[in-house]
Amino acid sequence: MPDLGKYAGAILTSWAATILLVALVIAVSWWQSARVKKKLEAAEARRKGA
Numbered sequence: 000m001p002d003l004g005k006y007a008g009a010i011l012t013s014w015a016a017t018i019l020l021v022a023l024v025i026a027v028s029w030w031q032s033a034r035v036k037k038k039l040e041a042a043e044a045r046r047k048g049a
């Protein structure tokens, strides 16, 4: 690991925040995808039943 000097705390905190935010975006996208998939399947089932 490179020597970050007196900025190590800020740099590592920034990296941690970035990783956390990317993970959050992935989780929200996954959750929304599952929700939309359920709605689409329900709409298709209604359409086939009609």
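First residue of the sequence shown: 0, per numbering that gives the first Met the number 0; consecutive thereafter.
We put the beta carbon where it would ideally sit given N, CA and C, even for glycine.
Values in this document were obtained by computation on a predicted structure and should not be read as measured data.
Here L20 is not near I10, since their CB atoms are 8 Å or more apart. Around K38, the same chain offers no residue with a beta carbon nearer than 7 Å, after the five sequence neighbours per side are excluded. Rounded to whole angstroms, V35 and G8 show a C-alpha spacing of 40 Å. Per DSSP, reduced to three states, the secondary structure at L23 is helical.
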